[in-house]
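J.: Please find one structure pasted underneath; my questions will follow.
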Amino acid sequence: MAIELNSQRMENIPITKIGVIGLPNSGKTQVYNYLTGTYNVVANSLLTTIEYKKTLCEIDGHACEITDTPGLHELYVQSHEEASTREYILSENPDIIIMCMDSTRLKQSLNLAIDLLELGKPLIIALNALDETNRRGIWLDSKKLLHFLRVPVIETIALNGQGIDELKEALFKTRGIKFEFQYDQTIEDGITQIMDRLPANIQNQRKIATLVLMNDSYILDYLIRVNEISQTDIEEINTCVKKTQQNFPGNINRVINTRRSQWVDDIANEVIQKQNIRPYEVEKTIARLCRKPSTGIPILLLIVYIMYLAVVNLANVLASWMDETLWVPISNVINSFISPGFFNDFLIGDYGILSLGLANAFITVLPILSVFFIIYNTLEDIGYIPNLCILTKRLFEKVGLSGASVMPLVLGFGCKTMATLTTKSLTSKRERYIAIYLIAFAIPCAAQMGLNISILGRMGFQAFAITFFVLSIAEISAGMILNLLLKREEKGDFIQELPPIRLPVPKAVLVKTYYRLIWFLEEALPVFIYAAVAMFILDKTGLLMASKIFLSPVIEGWLGLPLEMVDALILCMARHEAAAGLIIKLIQQDMLNWVQCIVAVTITTMFIPCFANIVAMAKELGVFKTIIMTICINASAFFLAGCLNWALILIF
Amino acid sequence: MIKATEKEEYLEKLWNMKENNADDINQLTSAMNSDSNSSVIQEMLVENLIIINNDKVAFTDTGEEKARKIIRAHRLAERLIFDALGGDYESGACEFEHIVNSELVDSICILLGHPRECPHGRPIPEGDCCKSAVKTAECAVMPLTEMEPQQSSRVAYVNGYQKESRLNKIDDLQIRSGVMIRMEQKKPAIVIQCEGADIALDDNVASDIYVWKECTRYRSKFEDSDIKAPDCVPPKRFGFMRRARFGRKACNQGCNNG
Ligand SMILES: Nc1nc2c(ncn2[C@@H]2O[C@H](COP(=O)(O)OP(=O)(O)OP(=O)(O)O)[C@@H](O)[C@H]2O)c(=O)[nH]1
Ligand SMILES: [Mg+2]
Ligand SMILES: [Zn+2]
Ligand SMILES: [Zn+2]
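Residue numbers (the working numbering), protein chains in the order written: chain A, 1 to 652; chain B, 1001 to 1258.
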């Protein structure tokens, strides 16, 4: 898991562990960002945070370690990513829990609150997104909520940081309370029996025993792994569970859930006070239009076209302006001081660290990414992207994916690495396999998408349309082939929450864009420079030429590309953005015609998934399968790009 | 002579045990916890309802048929009381199964759209009505898939026997009997709104969720903001209520005879 400590661990000072927990998309990360002063991606979408993130900071004179967690519905979990959040709660034992309660989904939140209350830990509730309930014409009585829950309830609007100070103030005053549901005698006996068999030193015994009794599929695994319970104990526990279930004249889960539901209903009825009824039809209509194929497809095409226009007319112009006003003078100065030769080449030659490294990153790639990220982040904050999964569901179903695995694919348009990690939430192994393959294959991530548009935009809209059409065909056929090859399994259920459509806040979009660009520079700039140095060495030692000659039948013959594209393919292995920068250079030097341009973009999009993505794949699938998959992807990339080349030559 | 109801309780208990794959006679007697244990068992043996072999009890065909009817009545009654009347099913249903006749049971079954399980999640044995899947105007519920776009209604119950994880997921999202849901759209996937959240579902999940055809207001005083008043008319008298009076008469006779 990603652990980031922004200062050294202070050995002697006691550190208070604070966990921010709540439903998916309830504003946890937003609260966390305000509490810590750092930034973690906030998006109006589910599965934004998929690994926890810890930060040390100081609140109210206390040293705190605050953890941002993935969303959770209740402690009885259904998927791996929920299980990992639960594991954080059960095994890391946060000293204080901040529950981020989405006030638009009060009942769902209360259902989670029961579990957190039952843990008996100091709990504080941030009643978040109150602006949204206000707009919907609902008024929540937080005093009553406080009365029922007996823990501090702070009204917050995390979007603009309202209520965060109160939250900080109340944080260290909260105490744990005793909160327990009493169930039927048979169930209580069962719980007691299981508790007797659990090791005495573990905490939250009653909660764990209840989960075991409810047949939670991950809890026994957790007990074996973390608490090292012996196999005989597990068997004894299992017998207990079976016996209780037999003695009980009904389904234990249902009875427990009914009890909880009644409690939730009772509180919600008291707390929710209707003001005037003001429907929020506008957002809902927009959402519906985006999801219905008859209107959704035109909207999608329109959005893509707007992206295209923005990148071509804004980003490309910006990039060439920066090239003229920044790079040209610099290279002139260098040329006048250093005469052509080794050092001149090293700095600003074809493979110079300034030209291929710095200028490539700052002057060619950065402007394009900034424009594209602004658009993409706006879409993300509107909540448009998850709704795409409804629109495209039918299509992906043909490819053998159930609705559940469409979500990771759609998220792949943002970041392929994150999307690969979200496949954790899929239960069917076969679907995970297909989804991971498809994410790695022909889906361009946001950065790639922006750069592809910028490259193809130089050749006209037709080139752009053809390329994305070909990429979608490639993606769909890959899915169909995998669907035929892999053994059939029972389809997982598709029950998917969708985020509400929201008006994006410009400041939030800009902040997110800023951080994404900073992260890009932090990660990519060193890679750009190292790659430039490596290319320089390859070039000077003659290895580059040798490999070009060796690869020329494939590159020139099969793909119909100029030999310079070998440089781009090599750079591709380091960082796709670097390759894109080089392709743009080639276009500016008139070395690519428009067929070659299409082929070049197609192959760089499909060729080798980025390094981070490969690591994520290895994490989900294991090393061996990842290697096989990468080989398959590259082979099909070369094959398809070649076919495309010949087809285009025949047609045009 | 032992009362008919007492034997029926035994049959019911034995059915429950069978569902859990238990067949120990001692478990049956200890569960019933009655003074007249041995005599009831004796009489059931005489009436050829059960057979006992090495402490293992089993139903005879007649016994099984009888138990099946009782269980069906019991669980349907639970469904009715829990969903339609919003009441506590623990107290009411126990007596119900001993007084209703199978015609009445079938009409409850039709009214509730042939539910497949009781509120505890136990399967309801099928009756003749379920086999022919009678769908009449008398049916007060319909699967979610039959709702019109933009229509709001209240969830009656969720079928999901043996689909524990799906059921829990649905429950997490607060889709359960008594809550209002609104159909947002049906194609390409069903999207409903429930308790403030938009939820997309597959057809096969949605067809397990049953809603009232006519929404009723009494279960919670809180309503979703977007329900328009005309959607919410007070329930008309169901056809079954008229029949119930007739059923009750028949039942009384049955009880007197027993
Ligand atoms: N209107 C409104 N929106 C909010 C508020 N708090 C957060 N949001 C928005 O809700 C969305 C989700 O916020 P996140 O902080 O990413 O939520 P999260 O709980 O971390 O989500 P996951 O990590 O996906 O589980 C973002 O678009 C936020 O801008 C609020 O108080 N009011
Ligand atoms: Mg988050
Ligand atoms: Zn029952
Ligand atoms: Zn029936």
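From the three backbone atoms N, C-alpha and C, an ideal C-beta is built for every residue, glycine too.
1) So who's on the other strand from A1199(B), going by DSSP bridges?
2) Have a look at E1006(B), K1007(B), K1186(B), W1015(B) and flag the residue whose alpha-carbon is nearest the alpha-carbon of N247(A).
3) Look at the Cβ atom of L358(A), then the Cβ atom of F520(A), and state whether they are nearer than 9 Å.
4) With distances taken Cα to Cα, identify the nearest neighbour of C1130(B) among P1188(B), L1144(B), H1120(B), L1111(B).
5) Start and end of the beta strand (DSSP E) containing P1270(B)?
6) Just the Cα atoms here: how many angstroms apart are A113(A) and L72(A)?
7) Is DSSP giving K512(A) helix, strand or coil here?
8) Ignore the nearest five residues each way along the sequence and tell me which others in E80(A)'s own chain have a CB closer than 6 Å to its CB.
9) Can you give the Cα-Cα distance for K292(A) and I1071(B), rounded to whole angstroms?
10) Leaving aside the five residues before and after T38(A) along the sequence, list all residues of the same chain whose C-beta is less than 6 Å from its C-beta, in chain order.
11) Tell me which same chain residues have a C-beta within less than 8 Å of the C-beta of V241(A), skipping the five on either side of it?
12) What span of residues does the beta strand (DSSP E) with Y1157(B) cover, start to end?
13) How many Å lie between I272(A) and L140(A) at the Cα?
14) Taking a contact to mean a Cβ-Cβ separation below 9 Å, would you say T29(A) touches T49(A) in this structure?
15) Please report how far the alpha carbon of F337(A) lies from the alpha carbon of L543(A), in whole angstroms.
16) Using a Cβ-Cβ cut-off of less than 9 Å, give me the residues of the region 92–106 of chain A that come near chain B, in sequence order.
17) What residues in the region 286–318 of chain A have a beta carbon less than 8 Å from any beta carbon of chain B?
18) Could you check whether the Cβ of D1226(B) sits closer than 9 Å to any Cβ belonging to chain A?
19) Can you name the start and end residues of the alpha helix (DSSP H) that A447(A) belongs to?
20) Given that a residue counts as buried once 16 or more other Cβ atoms are within 10 Å of its Cβ, and exposed if not, what is A647(A)?
21) Spell out whether any CB of chain A is found under 9 Å from the CB atom of L1201(B).
22) How about V406(A) and T420(A): are their beta carbons less than 9 Å apart?
23) Buried or exposed: where does Q245(A) fall if 16 or more other Cβ atoms within 10 Å of its Cβ makes it buried?
24) Kindly give me the distance between the Cβ atoms of M535(A) and E564(A), rounded to whole angstroms, as I take these residues to be in contact under 8 Å.
25) Would the beta-carbon of F373(A) fall within 9 Å of that of A446(A)?
26) Note down, in chain order, each residue of its chain lying with its Cβ closer than 8 Å to the Cβ of V595(A), except the 5 sequence neighbours on either side.
27) Can you name the residues that DSSP bridges to V77(A)?
28) Report the rounded CA-to-CA distance for Y437(A) versus M307(A), giving the unit in angstroms.
29) Could you tell me the alpha carbon to alpha carbon distance between I363(A) and K585(A), rounded to whole angstroms?
30) From M99(A) to L538(A), what distance separates their C-alpha atoms?
31) Just to confirm my understanding: we take K1236(B), look at its own chain, exclude 5 residues before and 5 after, and list those with CB closer than 6 Å. What are they?
32) Rounded to a whole number of angstroms, what is the C-alpha to C-alpha distance between E1019(B) and N1037(B)?
33) Quick check on S84(A): buried or exposed, where buried means 16 or more other Cβ atoms within 10 Å of its Cβ?
34) Report back the beta-carbon spacing between G383(A) and I501(A) to the nearest angstrom; my notes put them in contact at under 8 Å.
35) Is it buried or exposed for K1003(B), if we count other Cβ within 10 angstroms and need 16 for buried?
36) Between T156(A) and ligand 1, is the CB less than 8 Å from at least one heavy atom?
T.: Taking the geometry as given:
1) The count along the second sequence starts at 1 and reaches residue 1199(B) at position 199. Looking at the sequence itself, residue 1199(B) is Ile, so the reference to Ala does not match. I1199(B) pairs with E497(A), I1192(B).
2) Translated into positions along the first sequence, residue 247(A) becomes position 247. Considering only alpha carbons, the answer is W1015(B).
3) The sequence position of residue 358(A) within the first sequence is 358, counting from 1. The sequence position of residue 520(A) within the first sequence is 520, counting from 1. Contact check for L358(A) against F520(A) fails: the beta carbons are separated by 9 Å or more.
4) For the purposes of this step, residue 1130(B) is taken as the residue at position 130 of the second sequence. Nearest to C1130(B) by C-alpha distance, out of P1188(B), L1144(B), H1120(B), L1111(B), is L1111(B).
5) Look at the range of chain B in this structure, 1001 to 1258, and you will see that residue 1270(B) is not part of it.
6) On the first sequence, position 113 is the one that residue 113(A) refers to. On the first sequence, position 72 is the one that residue 72(A) refers to. Between A113(A) and L72(A), the C-alpha separation is close to 11 Å.
7) Locating residue 512(A) in the first sequence gives position 512, where the first residue counts as 1. K512(A) falls in the helix class under three-state DSSP.
8) For the purposes of this step, residue 80(A) is identified with residue 80 of the first sequence, where counting begins at 1. According to the sequence as given, residue 80(A) is His; it is not Glu. Cβ neighbours of H80(A) beyond the five flanking positions: K424.
9) Locating residue 292(A) in the first sequence gives position 292, counting from the first residue. Locating residue 1071(B) in the second sequence gives position 71, counting from the first residue. Each residue's alpha carbon lies about 45 Å from the other.
10) What you label residue 38(A) is simply residue 38 of the first sequence in a count that begins at 1. The residues are T55.
11) Taking the first sequence and counting its residues from 1, the one referred to as residue 241(A) is at position 241. Correct list, in chain order: G190, I194, V212, L213, N215.
12) Reading the second sequence from its first residue, position 157 is the one you call residue 1157(B). 1152–1158 is the span of the beta strand (DSSP E), which, as asked, contains Y1157(B).
13) What you label residue 272(A) is simply residue 272 of the first sequence in a count that begins at 1. What you label residue 140(A) is simply residue 140 of the first sequence in a count that begins at 1. Computed Cα separation, rounded: 5 Å.
14) Position 29 of the first sequence, counted from the first residue, corresponds to residue 29(A). Position 49 of the first sequence, counted from the first residue, corresponds to residue 49(A). Yes; because the gap between Cβ atoms is below 9 Å, this pair is in contact.
15) As a position in the first sequence, residue 337(A) is number 337, starting the count at 1. As a position in the first sequence, residue 543(A) is number 543, starting the count at 1. Approximately 30 Å between the Cα atoms of the pair.
16) D102, S103, T104, R105, L106
17) Cβ proximity to chain B below 8 Å picks out A287, R288, R291, K292, P293 from the region 286–318 of chain A.
18) Counting from 1 along the second sequence, the entry for residue 1226(B) is found at position 226. Because the pLDDT of D1226(B) is 42, which lies under 50, any placement of that residue in the model is unreliable, and the number read from its coordinates should be weighed accordingly. Closer than 9 Å to some Cβ of chain A, the Cβ of D1226(B) qualifies, so yes.
19) Counting from one through the first sequence, the residue named residue 447(A) turns up at place 447. First-last of the alpha helix (DSSP H) with A447(A): 446–457.
20) Within the first sequence, residue 647(A) is the residue found at index 647, counting from 1. Classification for A647(A): exposed.
21) Here residue 1201(B) is taken as the residue at index 201 of the second sequence, counted from 1. L1201(B) counts as touching chain A.
22) Mapped onto the first sequence, residue 406(A) falls at position 406. Mapped onto the first sequence, residue 420(A) falls at position 420. Cβ distance not < 9 Å, so V406(A) and T420(A) don't count as in contact.
23) Your numbering for residue 245(A) matches position 245 in the first sequence. Classification of Q245(A): buried, given that the 10 Å Cβ count is 16 or more.
24) Within the first sequence, the letter at position 535 stands for residue 535(A). Within the first sequence, the letter at position 564 stands for residue 564(A). Contact flag wrong, Cβ pair sits at about 12 Å.
25) Counted from its first residue, the first sequence places residue 373(A) at position 373. Counted from its first residue, the first sequence places residue 446(A) at position 446. Yes, the pair counts as a contact, with Cβ atoms nearer than the cut-off.
26) Stepping through the first sequence from its first residue, residue 595(A) is reached at position 595. So the list reads G560, N645, L648, I649, F652, once near-sequence residues are dropped.
27) Along the first sequence, read from residue 1 onward, the residue named residue 77(A) stands at position 77. Paired residue(s): none; V77(A) is not in a bridge.
28) Within the first sequence, residue 437(A) is the residue found at index 437, counting from 1. Within the first sequence, residue 307(A) is the residue found at index 307, counting from 1. Taking the straight line from one Cα to the other gives about 26 Å.
29) Taking the first residue of the first sequence as 1, we reach residue 363(A) at position 363. Taking the first residue of the first sequence as 1, we reach residue 585(A) at position 585. Roughly 11 Å between the two C-alpha positions.
30) The sequence position of residue 99(A) within the first sequence is 99, counting from 1. The sequence position of residue 538(A) within the first sequence is 538, counting from 1. Taking the straight line joining both Cα atoms gives about 55 Å.
31) In the second sequence, the residue the question calls residue 1236(B) occupies position 236. With a pLDDT of 38 at K1236(B), under the threshold of 50, the modelled position of that residue is not reliable, and the figure given next carries that caveat. For K1236(B), where only same-chain residues beyond five positions count, there are no Cβ hits under 6 Å.
32) Translated into positions along the second sequence, residue 1019(B) becomes position 19. Translated into positions along the second sequence, residue 1037(B) becomes position 37. If you take the alpha carbons of E1019(B) and N1037(B), they lie about 22 Å apart.
33) Taking the first residue of the first sequence as position 1, residue 84(A) is located at position 84. Buried is the call here.
34) Residue mapping note: residue 383(A) aligns to position 383 of the first sequence, counting from 1. Residue mapping note: residue 501(A) aligns to position 501 of the first sequence, counting from 1. Going by Cβ atoms, the distance from G383(A) to I501(A) rounds to 5 Å, so yes, they are a contact pair.
35) Taking the second sequence and counting its residues from 1, one reaches residue 1003(B) at position 3. Exposed, because fewer than 16 other Cβ atoms sit within 10 Å of the Cβ of K1003(B).
36) Here residue 156(A) is taken as the residue at index 156 of the first sequence, counted from 1. Flag set: Cβ of T156(A) near ligand 1.
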